[in-house]
Amino acid sequence: MRLWRHSFERGLVLAVIFGMLASVFSLASNPDPAEAQSATPSISLSQTRGLLGRSITVSGTGFGASERVSIRWRSSTATPIAQPQTTSAGTFSASIALPDAPNGPQTVYASGQQSGRQATATYTVERPAPRSSRISEGVYSVYATRIGLIGNTTSSGHVIREGDFFVALPGCTPTNCPGGPYWGSMTNCGSRCYVKIVNPQTNACRVEPILDVGPWFRVDDWWNPTAQRYLNRLASNPADLVQGYTGTNAARDGYNVGYGIGSAGIGNDDTGSGGTRPVRQVGNRAAIDLADGTWRALNLSSDGIGTTIRVEMLWQTGADPAAQAQACGHPVNQTPATGSPGVANPSFQGAALTPVGSTQSSNGSGSGNVHDGNLQTAWSTTNANPTSGQFTIDYGSVQSLTGIRWNFNQFGFADRMVIETSTNGSTWSAVGVYGNANTGQWRGVAVSRQGRYVRFSFTNPNGDARLGQVAEVQVWGTSGSGSTPTPTPAPIAGSNPQLGGSVLPIAASSASPNSSSPTRAYDGDQSTSWSTTSVDIPGTSMVTFDLGREQQLSGVRWMYRLSGGADRMRLQISSDGTAWSQLVTTSNRVPLTWEGWRTTSRARYVRFVFDNPNGVPVLGYLAEVEVWGTPSASPTPTVIPTPSPTPSPTATMTPSPTPSPSPTATVAPTQAPGGFGVVANTGGANLRCRTTPSTNGGIIVSLPEGTRVAVRGPESDGWYPVTCVNRDGWVSEAYLELESGSSTPTPTATPGTPAPATFGTIANSGGSRVNCRLQPSTAGTIITSLPEGTEVRLRGPLLGGWQPVVCANRDGYIFGQYVAVSSSTPTPTPTPSPGTSTFGFIANAGGSRVNCRLQPSTAGTIVASLPEGTRLELRGAAQGGWQPVRCASRNAYVFAQYISMEQQSLALAPPDVTATPTPVPPTTTPVTPTATPATPTATPVTPTATPVTPTPTATPGVTGTGYIANAGGGRVNCRTQPSTSSGIIVALGEGAMVDVRGAAADGWQGVRCGNQDGFVAAEFISSQPPTPTPTPAPTSPPATEEPDVEPEPSVPRPTEVTEPPTQAPSAMVGSNPQFGGSPLQITDVWGTNGGNNAWRAIDGSQETSWVSADGVGQASLTINLGSIQSLTGIRWMYLQSGGADSMRLQISTDGNNWTQLVTTSNRAPFTWEGWSTDASAQYVRLVFDNPNGVTTLGYVAEVQVWGTGSSTAVPEDAPLLAIHQRAGQVATRGQAAGRREPASYGLSSGSV
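Residue numbers (the working numbering): 599 to 1846.
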C-alpha cells in the first residue's frame, strides 16, 4: 500500500510536470492573437499632399484581428469619416474623402475599436493662396463668358434678343432681382446699377445694365467688402473670401465656399439640389456673363470658354453711366437693331458680279474696301456721332440680279441699314431694312430684278460713335441686258490627274488648334477626314504634311469627304516650312472625287490653307491627300505638261489580256518598283495590308476591292511589297492584280481577230453622263460618272456586256454600248445637238423640307433636305413610289408625291475651248424659281445614279500657260492693274504656274491669279518652268522578315437589305413630324461629358448646338419637363452630321428608370427628325454612343418635346421649383474642368 502510494504520488508529480510542459508547448505554438500583432501600429496614405475632396487610400497594419478601425480627420475625438474592418492579421485598406480644412499639415487618426491601438499620418493641404481680382476701388480683372440663349427670359423678366446688350452678375441687384433678393443678399446700387466692361487688348469699352443672375452662383456678391459678402456669412464656409476673390476662382482653387467640394477637388456652387438634378461642381472661373451684342461690340476673342476683361462697378466708382457710355461711343441702355440681320450664309444663282467702281458719302471712308476681297478692311463713317452715311457700288452695266450678300468686320454699327438698287443711279428701288449681324458671317437677301448700282444707307437711331464697318459686299446675278457676269471658277487643271512617279510617304503632319488629327487625311480611309472642331465659327485653318526631306514633286491630289468646308482653299508648298509658294486657290469639289494640281517644284512641306469667307461652321472635310513625285531623282527632272482633264496614253498603259492567250504571247518581266496593282478577287471583301509579309504582321489598313496601290518590288513567297496609307506594307499575292508589266502573258492578236483597243470614248448616251462601276453589274459600286466624249483606257474585251476600263485611277466597268472603241486615242466628239432634260419641283410638303435619299427607301441615307420649290433634275419614271433625281450632285430618290413634274427643253451650250483636245461635255445652269435653291443643278439629265464630277474648262481669255521665273528665288506680286501702285492679289513663288491672258503690253503680262484676272511684270514670266536641281533620294533597305504564305482577305461585311417604302419619306416614324398638342415647357437641361452649354439645344437658334467634350466614348443630353407629362412625340435637329453615329432616345418618369424608344443615327443637318409616342414622362434623354471613335458627339441644334400637358397633379411648390431650376440653369453632369458652362441663370417666363 505504501509502495503504491509512493508510486501514485510519483505518477501524479510526473503528470503535473507533463501537463505543465504541454501547456508551455501549447502556448508556444498558439500565441494570443493580441500578442501576434506588431508592437507599434501604423497607417500610410496613398497621397500625402494636395487638394481636398479627392479620394485617397489609407492603409494600416498592427491593429487587432477582425476589428473595426475608426478613421478621423484633424481630431482624435471627431466623428469618424470611415470605419473599415481589419483582416485576421490586423491590416486594413480603405478609400476616404478628406473634408474641408485650412491649408497646411493636417492629421489623420486611426484607432482600433477593440484593441485600442492608435496610429496617425499627416496630409498637407495645398491650395493656391486666395487672390483678389481687385485692381482699385470698384475696378476688377475677372474672367467672362458669353450668354447666348436667344429667346430665353432673364431673372429680371427681360427676353434675350439677337445682339442684345447687358450683363449678368452672380448676385442680386435691384435690376436683375427687381422683386428680390431671390437668393442671397441685395447689392443696393441705386441709379448706378451698371457695369463698364473694357477689352484690355484694345481698350474698347461698353457700359451695360445688369439684367440677369449668373454665371454659376446666384449668391456670390464678390465685389462687396469681405465683411459684407454673403458667402462669408455661411456657417458651412470655413474661411472668409476677400473682396474680389470670386466664388468661381475659390471653387476652382479647391476651396469649399459653403456648398461642399466635389470628387475632383473642386468646390460646388449654390444651384445644385441633388436627386435627378446633380450638385454642380463649378466648371470654369467666369464671374460675369456678357450678352452677345456686348461681346461682339468689344471684339472679344474666346480661349474656347471665355476671356479675361476689366470691369468697373459704377456704383462703387461713382461714375455717371450715361457719360461713361457716351465716352465709349454708344448710348446708355442701347437696344439691339430692329432690322433683320438677313439670311445666314445665303447662296444665289449665277455668279458674283465684278464691280467697276464705288462712291460714298462725304463722311465715309473705304468704299473700295467692300469689294477688295479682304474681310479685314471695311467701310465706315469718319465723323463724330454721325446721323447717316452711305456707299454705292457700280457694276458697269445693267445686270439680272439674283442676290446681295454682306459681311461685317465689327458688330454694332448697323442698327438700321437700308439696301437699294438702281438701273440708272437716280431712281432707286428698296430691297429692305436690315441690321447688325455676327462679325465674319455672310448675311444676305435674294432678289430678282435688273440693276447696275447697289446702295447701302445707314442711319443712327442709337447714337453710335460711327456707322458701317461693312467688310465685304457681293452682288450675284446672271447675264442680262447684254452683260455677262463673272463666271464661276472652273475646276482646277489636273482634276482626277495621272501624276508622274509614285506616292511619296508622309513622315509627319500638323494642323491648326481646334481641329481633328491630320493623320485622318492620309490613313487610306475615305470615310475619315481632317476638319476643324471648334464650337465657334472657325477662322483660317490649315493642315501641313511633312515628307521628311525635300523631294522632287510631280503633283498633289486630294479628296473631300463632304462638300461645304472648302469655300476657299489655298494649296502651298515649301522647302523649309517658312517660305511658302502658292500653287493654286480653289474651292469645294464633288465629295469622294480626286482633285489635283501638277507641279515640277521641289519641296518638303505641303500645306492646305482653308479660309472661311462665308462663315461656315466647319472647314476642311479633307478625306485623303497624296503627294506624288520621284523619291530617287533622275539627273534631269521631267517637265510635266499643262494639266488636262483626262490622262494621255503612255507606254506603260497596256491593255489587259483576252481570255484565250495568243500563240505568240510573250511573258513580261516581273513587276518592278514604281508599278501599281489593284485589289481584286476578294468577292467584295476588304484585303488587309500588313506591316510584314505574314498573317502575323500588324494590320495597317483594310483595302476595299478595286483599290489601287503602288507596288514596291517583285512578289516574294506569296506577298507583294506595296505602299498603303503612306507606309510600306505587304498584301497577299493572290488578291492583287498588277496593272502593267505583270507576269501574265501579253496577247498578240491572231489572224482574223481584231486587236483589243487601247482607248475608248463615252458615246451613245444622248449627252448624259455614264456610270463607271467597280463591278460589272448595275448593282456595282459607282466609282465616278463620265460625260459623253470622255476618253477612257480599256483593260480588255467585253465581259458579259461590260467593258473593263480605268476610271478615276481605278479599275472599273462601263456598259459596253456606251463605249466607242478605237485602237488609238479618239478625236474630239462633235458637240451634241440640243436635247431634252426633265425637271421637277419639290411640292405638296406644306412648307416643310423633303428628304432626298441615296436609296429608294425610308431607311436610305439622307443626301440632302430640300425646301419646297427646289428644282430637281429627274432621272426617269417613278419606281415603287420613289422618283429618281439628282440632288447634291448625286443620284438619289425623293418620295414621288412631293414632286411636281415639268418637262422643258434645254439648248445645250457648246463646250468651252480647253487646253487639250479632250471633249468637254456641255454644261448649262437651269433657272431655279426659288430665291435660294438648296442644291443648284448644273448638269444635263443623268439617267443613272452618278456622283457628278466637274469637268475642268479653261477660263475665258486664257491663251496659254506660263511660269514665274527670273526672280532669284524671291516672290513676284500679281496685281489688280498693270501698275506697281495697284493692289496686290497674291505674291507668287518662283516656279508657280499661271494661266496667261493674251500678249504682254507695256511691260505687264495679263494672267489669272487668286481665281481672278491680274497682272505680273512680263520679265518674270517664262514659257518654261525653272529647272530645279534634284537630290538623289536614299533607297529603302530590303525586307528581311520570314514570310507566311497564307493569304487572307478580311471577312466580307453583310449586305444591307432594304424593303419597299410604305409611307412618306422619313428617317424613322415621324420624320419631319406634326405631333398632337404643343411643345412642352422645358424647365431644365443638362449633359454628361458635355463640351459646352446644354441650353444651346433648346435656345430656339438652329445656329447653335450642344456637343460633347472631345474624345469621349459616350455622352448624353437630358431634358426635364418639371413634372410627368402626356407626350405625343419628340423632335430633334442636328447642326451638322457626324456626331450621332448611334443615338438612343429614352424617356423616364423618375430620372432613374429609362425606357428606350428608338436607336438611330446621323441625319441631314437642319432637318427635323422625330419619334411619336403616347407614353407619359418627365425626363427625355438622348444618349450618344461612339462606335466609330469620332472626336465630337452630338451637334444637337434643337430639341422639342410635344405633348398635351401634365398627366399628374402638379406639386404645390412647382412654381418655386421652376424659378429655382431655371434660375440656376444647369451644369453638365461630370463637367470637365475648364469647360464652358451656363451662360445665364435667368427665370423662365411667367415663373414668378
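We put the beta carbon where it would ideally sit given N, CA and C, even for glycine. If you're wondering where the values come from, they're calculated on a predicted model, not measured in any experiment.
Rounded to the nearest angstrom, the gap between the Cα atoms of residue 1143 and residue 1168 is 14 Å. Taken atom to atom, the span from the alpha-carbon of residue 988 to that of residue 1042 is near 18 Å. Contact between residue 1410 and residue 1335 is ruled out by a C-beta separation of about 13 Å, above the 8 Å threshold. Apart from the 5 residues on each side of it in sequence, residue 1694 sits with its Cβ closer than 6 Å to the Cβ of 1702, 1703 and 1704 in its chain, given in chain order. The criterion of a C-beta distance shorter than 8 Å is not satisfied by residue 1764 and residue 1577. Linking residue 814 to residue 741 through their CA atoms gives a straight-line distance of about 13 Å. Contact between residue 1780 and residue 1725 does not hold, since the beta-carbon distance rounds to 15 Å and is not under 8 Å. Around the beta carbon of residue 932, a 10 Å sphere encloses 16 or more other beta carbons of the protein chains shown; the residue is thus reported as buried. When C-alpha distances from residue 1209 are compared across 841, 1185 and 1196, the shortest belongs to 1185.
Around the C-beta of residue 1319, 16 or more other C-beta atoms lie within 10 Å, and the residue is accordingly described as buried. The bridge partners DSSP lists for residue 1780 are 1715 and 1743. Burial check for residue 647: the Cβ neighbour count within 10 Å stays below 16, so the residue is exposed. For residue 1118, the CB contacts under 7 Å within the same chain, skipping 5 residues up- and downstream, are 1126, 1127 and 1128 in chain order.
When only Cα atoms are considered, residue 1616 and residue 1761 end up about 53 Å apart. Contact between the region 706 to 723 and the region 787 to 796 is not established, with fewer than three Cβ pairs separated by less than 8 Å. Per the DSSP secondary-structure output, residue 1498 pairs in a beta bridge with 1439. Taking 8 Å as the cut-off, the beta carbon of residue 730 is found no closer than this to the beta carbon of residue 845.
Contact check between the region 1672 to 1679 and the region 1789 to 1802: three or more CB pairs, one atom from each, fall below 8 Å, which counts as touching. Scanning 1036, 1570, 1573 and 888 for the CA closest to the CA of residue 906 turns up 888.
When the five nearest sequence neighbours on each side are left out, the beta carbons in the same chain lying within less than 6 Å of the beta carbon of residue 738 are those of 731, 732, 842 and 909, in order along the chain.
Burial check for residue 1582: the Cβ neighbour count within 10 Å stays below 16, so the residue is exposed. Apart from sequence neighbours up to five positions away, the residues of its chain that approach residue 1572 with a beta-carbon distance below 8 Å are 1582, 1583, 1584, 1585, 1586, 1592, 1605, 1607, 1608, 1612, 1613 and 1614, ordered along the chain.
With 16 or more neighbouring CB atoms inside 10 Å of its own CB, residue 1738 falls in the buried class. Of the residues assessed, residue 972 falls on the exposed side of the cut-off, its CB having fewer than 16 other CB atoms within 10 angstroms. The continuous alpha helix (DSSP H) containing residue 845 extends over residues 845 to 850. Here DSSP, grouped into helix, strand and coil, assigns residue 1697 to coil.
When 1226, 1121 and 1181 are compared, the shortest CA-CA separation from residue 1148 is found for 1226.
Secondary structure at residue 1618: helix, using DSSP grouped into helix, strand and coil. Within the DSSP bridge table, the entry for residue 1205 names 1142 and 1170 as partners.
A check of alpha carbon separations from residue 1719 across 823, 1684 and 1736 identifies 1684 as the nearest. Pairwise C-beta distances place the region 992 to 1012 in contact with the region 1029 to 1036, as three or more of them are shorter than 8 Å. Apart from the 5 residues on each side of it in sequence, residue 1063 sits with its Cβ closer than 6 Å to the Cβ of 927 in its chain, given in chain order.
Rounded to the nearest angstrom, the Cβ distance from residue 896 to residue 804 is 6 Å, consistent with a contact under 8 Å.
Nearest in C-alpha terms to residue 1040, of all of 1219, 1795 and 943, is 943. Under the three-state reduction of DSSP, residue 912 is assigned to helix.
Listed in chain order, the beta strand (DSSP E) elements of length 3 or more contained wholly in the region 997 to 1047 are 1014 to 1020 and 1027 to 1032.
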